[in-house]
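Right, one structure below, let's go through it.
In the working numbering, the protein residues as written are 143 to 317.
Have a look at this one:
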C-alpha cells in the first residue's frame, strides 16, 4: 500500500503493548516519506469486554481514548453495537428519497418542516432511548438535523448562517 495517499488508517491489536509498538512503527515509517500521525485527529478505542483506558502516545502526545468514532463514514462503537449507525443511514436514505419534495417551490417551508419533523427526523432518532448516548453520537445526530433543515429551508452554506441561527429560524433545537 502506498501510504503517501493514506489518510484513514486503522490499527487492530490484541493488547495495548502491541498497539503501542504498531503505532510507533507506523509513525517511524511515515516520517521516512514526510508524513506524520496527527495526534489531534487520531483516536484509540478499546473494543470488547476490556475495561482498559490505557493511553497510546505518538511522541509525547497522548492519543484521545474514545468509546466510538467515525471511520470511512461508519460509526464504530466499542461494544460492537451498530444500531446508531444503521439508524443514521436509514434516516439519510429517507431524507434523500424526499428530495423532490424539499426542492419543490410549490410547497411552503412550513409544510416541508412539518413533513421533515414527522418523517425524516423521527426515523433518525427512533429507539434512541436505548442507545448508549455519547457526545459523538449526539454531535452526529445534531449535524444531520441541521444539514437537513438547511436543505428543507434552502439555506446554502454560502449564506454563512450558524447552526444556531438555522435552528432559531426553524423554531427547532438540538438534542
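Note that beta-carbon positions come from the ideal geometry of N, C-alpha and C, so glycine has one too.
- A straight-line Cα-Cα distance of about 36 Å links residue 218 and residue 246.
- Cβ atoms of residue 254 and residue 244 come within 8 Å of each other, at about 6 Å.
- For residue 175 and residue 155, the gap between their C-alpha atoms comes out near 24 Å.
- Between residue 185 and residue 171, the CB-CB gap reaches or exceeds 8 Å.
- Your pair residue 200 and residue 187 does not check out as a contact, with CB atoms roughly 16 Å apart and the cut at 8 Å.
- The criterion of a C-beta distance shorter than 8 Å is not satisfied by residue 232 and residue 198.
- CA-CA distance, residue 285 to residue 240, rounds to 19 Å.
- Here residue 317 has 280, 283 and 284 as same chain residues with Cβ atoms under 7 Å from its own Cβ, once five neighbours each way along the sequence are excluded.
- Measuring C-alpha to C-alpha distances from residue 158 to each of 196, 259 and 251 identifies 196 as the nearest.
- Rounded to the nearest angstrom, the Cβ distance from residue 237 to residue 290 is 6 Å, consistent with a contact under 8 Å.
- Residues 209 and 210 of the same chain have their beta carbon placed closer than 6 Å to that of residue 276, with the five preceding and five following residues left out of the count.
- The beta carbon of residue 179 sits closer than 8 Å to the beta carbons of 165, 168, 169, 172 and 200 from its chain, once the five residues preceding and following it are set aside; these are given in chain order.
- For residue 311, the enclosing alpha helix (DSSP H) starts and ends at 305-311.
- Shown here for residue 313: not one same chain residue has a beta carbon closer than 6 Å to its own, the five before and five after excluded.
- Closest by C-alpha distance to residue 295, out of 177, 152, 257 and 153, is 257.
- Assignment of residue 292 by DSSP, reduced to helix, strand and coil, places it in the helix class.
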